[in-house]
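Here the working numbering is used: the first residue of the sequence shown is 1, the next is one more, and so on.
Note that the Cβ used here is the ideal one computed from N, Cα and C, for glycine as well.
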Amino acid sequence: MADEWFKIGEINDLTKSANLMGKLIDRIEIKTVTLKKTQETIEVAEYLLADDTASIIYQVWGDKEILETDKNIGKVISIKNGWVSSFANKFRISKGKKGEVEVLDEDIPTIEISAEQLKGIKEKIPISVADYFNVRDLKKGSKNVNIKLKIIRKDQPRRVKNNLTVGTFLVGDPTGCILLTLWNEEIFEFDLNDFIEINNGYVSTFNNVLQLNKGKYGKIKKIKDKFEVNEENNLSLDY
């Protein structure tokens, strides 16, 4: 993305990372989440960031950064190489591992956000981070798994006992990849490079290899999200 800068209103479903500038309007949410893999707890805060085209949710992790961000409410910040995601038709940006955030000694015009509108945002905004897994957090026995993935390999379906068909996919997100097992008709609904969302999945092992399963009560669908996959961190490497 080099030195390309976005207006907030230019962020769309294809945006994976962005440089942008905006004013911190207010903090709208803070909560404690438990990291799936380590069971450590961490504070996550969400702020409303705006420019003259639109607003976006700015996500901040950790007590130290939250305290620093609170001090800068009302100021303008720049985010370089921020990570962009979407949930429930709302875009979010965070610094991520490679991003940089700087407080600027200047002012910018923003869209009008009334106190009533801000109150409504605080009451209605969905919290996505705690509800969704990253691949790197998956482990044997993980249940109620909600996760967004890209299909990076689709193996030839095979017939098994009871006249069933099983399909194996390699799927991943920016944190890693894992095998996914689907059955019968669902195998043929998804193809290489599709982006998918699984709700209420679970993780099991087969021949000591981790596998993600949709399960009887899970759901799977195609989504418009776009992101890269970390193929080096393969949780099913022995496959």
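Here's the rule I'm using: 16 or more other beta-carbon atoms within 10 Å means buried, otherwise exposed. How should residue i be labelled?
| i | result |
| --- | --- |
| Gly82 | buried |
| Thr69 | buried |
| Gly74 | exposed |
| Val171 | buried |
| Ala30 | Note on residue identity: the sequence assigns Ile, not Ala, to residue 30. Exposed is the call here. |
| Phe169 | buried |
| Glu46 | buried |
| Gly62 | exposed |
| Asp3 | exposed |
| Leu104 | exposed |
Below 9 Å between beta carbons: does that hold for residue i and residue j?
| i | j | result |
| --- | --- | --- |
| Lys16 | Val60 | no |
| Leu192 | Ile220 | no |
| Asn230 | Pro157 | no |
| Ser236 | Leu179 | yes |
| Asp223 | Phe188 | Here the sequence assigns Ile to residue 223, which means Asp is not the residue at that position. Not closer than 9 Å, so no. |
| Ser251 | Asn19 | The chain is shown only over 1 to 239; residue 251 falls outside these bounds and no answer can be derived. |
| Thr165 | Leu212 | no |
| Lys119 | Glu102 | no |
| Lys214 | Lys139 | no |
| Lys161 | Phe190 | no |
Tell me the rounded alpha-carbon separation between residue i and residue j.
| i | j | result |
| --- | --- | --- |
| Trp183 | Val203 | 15 Å |
| Phe133 | Ile147 | 5 Å |
| Leu35 | Lys71 | 26 Å |
| Glu106 | Lys23 | 10 Å |
| Lys216 | Asn200 | 9 Å |
| Val84 | Ile93 | 5 Å |
| Ile66 | Glu43 | 8 Å |
| Ile121 | Val135 | 30 Å |
| Phe6 | Ile28 | 23 Å |
| Leu149 | Lys98 | 21 Å |
| Ala115 | Asp26 | 11 Å |
| Asn234 | Gln117 | 44 Å |
| Asp137 | Thr41 | 14 Å |
| Phe227 | Asp13 | 10 Å |
| Gln39 | Thr32 | 12 Å |
| Asn144 | Arg159 | 28 Å |
| Asp225 | Leu48 | 22 Å |
| Asn208 | Lys64 | 40 Å |
| Ile57 | Lys90 | 8 Å |
Where does residue i fall in DSSP's three states?
| i | result |
| --- | --- |
| Gln117 | helix |
| Phe190 | coil |
| Thr175 | coil |
| Lys221 | strand |
| Glu4 | coil |
| Asn162 | helix |
| Asp26 | strand |
| Leu20 | strand |
| Glu228 | coil |
Would you say residue i lies against chain B (beta-carbon separation less than 9 Å)?
| i | result |
| --- | --- |
| Phe227 | Although the question refers to chain B, the structure presented lacks it and comprises just one protein chain. |
* Pairing CB atoms from the segment 44–57 with CB atoms from the segment 106–119, are three or more of them under 8 Å? -> Yes: at least three Cβ pairs fall under 8 Å.
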